[in-house]
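Please read the structure below before turning to the comments.
Protein chains: 2
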Amino acid sequence: MIEKTISCRQIYEGKILNLRVDEVLLPNDKTSLREIVEHNGAVAIVAVTDNDKILLVRQYRKAVERVLIEIPAGKLEKEETPYDCAERELIEETGFRANQLKKVMEIITSPGFCTEKIHLFVANNLVVDYLENDEDEFIDLITLDLDEALGKIVSGEIVDSKTIIGLLYYKMYHSAS
Amino acid sequence: MIEKTISCRQIYEGKILNLRVDEVLLPNDKTSLREIVEHNGAVAIVAVTDNDKILLVRQYRKAVERVLIEIPAGKLEKEETPYDCAERELIEETGFRANQLKKVMEIITSPGFCTEKIHLFVANNLVVDYLENDEDEFIDLITLDLDEALGKIVSGEIVDSKTIIGLLYYKMYHSAS
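Which chain is which? The protein sequence lines are A and B, in order.
The first sequence begins at 225 in the working numbering and counts up one residue at a time.
The second sequence begins at 225 in the working numbering and counts up one residue at a time.
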């Protein structure tokens, strides 16, 4: 099944992604091109308060030209561990520090063309830290009951893949209710 | 919250994606760059046999250099409706035609940098059609009980976002068990 790389052409090297086109040898000995978006990976966090509210963020997403509701998330810095990144992004986006932070899953968002892997965490025992957004991030924090948040998946108000996965997974495998 | 586009620079126009870089005006009147992967969208199908097996496909994914287990899926052709695409891709990838095919959700896979939207369908009342793979697709069909498939999410054998969403969503909202 494996596709052997014959040649690589780097098209673009950017701030958050690179693009390359690989020529590959298929199992039938024909060749084909694979357009591949290189991404350094990210984390996402299902953060649950002591009274069972889920922390969510609203932000404008230029790619889809919409304000989306998402769980806190962010890109891995170079050399940063997923755990450190989850701790940092949770504080940056919500102002809360997690005394309990556990990785529960790895997600490949778009394996057809993108290398991105998201490390999903569940955060509990939240304490107020200091809220300091990234300079060019404009984020509203909202809190919802888990079932309210799940309702927004069914109604189509929540459409982001990592957020849908985080909420459904938490409901099925972590929530007491 | 909205980011106004000041200028667009098209970097690449390809077979399955384009890349552009937008200069945007932020709410604080500063400017920033947004790297945006343009993708035409896709469909994915939770296809359930009359004896409650889920159809899944194994295929090599060059971007992540792994064989992944996924629900049947594929890109929208130009002008194609999501419904027609779901019907076509299910036949192409599994050899089954769905007598019942219902859209249940829209998913944005990576809103931070990509326009891709996946239309998620549930397919029932499957009948054998004719199996004809795309020329450069090499796919194994497998069937699993829903709970077996969910076990592969927990174990980390299933990592693809649309597949995780499809299986969890089906379990929570469509499955009788």
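Glycine included, every Cβ here is placed at the ideal spot set by N, Cα and C.
Quick caveat: nothing in here was measured; it's all calculated off a predicted structure.
For residue 244(A), there are no C-beta contacts with chain B under 7 angstroms, since the nearest C-beta of that chain is about 10 angstroms from it.
Leaving aside the five residues that flank residue 244(A) on each side, the residues in its chain whose CB is nearer than 7 angstroms to its CB run, in chain order, 232, 233, 234, 235, 260 and 262.
Rounded to whole angstroms, residue 268(A) and residue 319(A) show a C-alpha spacing of 15 angstroms.
Assignment of residue 288(B) by DSSP, reduced to helix, strand and coil, places it in the coil class. Here residue 285(B) is buried. Its C-beta has 16 or more other C-beta atoms within 10 Å. Note that the C-beta distance between residue 383(B) and residue 226(A) is not below 8 angstroms.
Comparing alpha-carbon positions, the option among 374(B), 295(B), 323(B) and 397(B) lying closest to residue 365(B) turns out to be 295(B). Beta bridge pairing from DSSP links residue 315(A) with no other residue.
Looking from the CA of residue 345(B), the closest CA among 323(B), 353(B) and 334(B) belongs to 323(B). DSSP places residue 389(B) in the helix class (H, G or I) of the three-state scheme. The residues 225, in chain order, have a CB closer than 7 angstroms to that of residue 251(A) in the same chain once the five nearest residues on each side in sequence are set aside. The alpha-carbon of residue 240(A) is positioned some 16 angstroms away from that of residue 248(B). Across the set 228(B), 369(B), 362(B) and 363(B), the C-alpha of 228(B) shows the shortest separation from the C-alpha of residue 289(A). Taking C-alpha positions only, residue 317(B) is separated from residue 265(B) by approximately 18 angstroms. Against chain B, the beta carbon of residue 337(A) has neighbours under 7 angstroms at 240, 241 and 287, listed in chain order.
In this structure, DSSP gives residue 378(B) a helical state, which the three-state scheme calls helix. At a Cβ-Cβ threshold of 8 angstroms, residue 368(B) and residue 396(A) do not count as neighbours. Judged by beta-carbon spacing, residue 271(A) lies within the 8 angstroms limit of residue 347(A), meaning their Cβ atoms are closer than that value. Ranked by Cα distance from residue 350(B), the first of 281(B), 273(B) and 237(B) is 273(B). 330, 331, 332 and 333: these are the residues of the segment 301-333 of chain B whose beta carbon lies less than 7 angstroms from some beta carbon of chain A, given in chain order.
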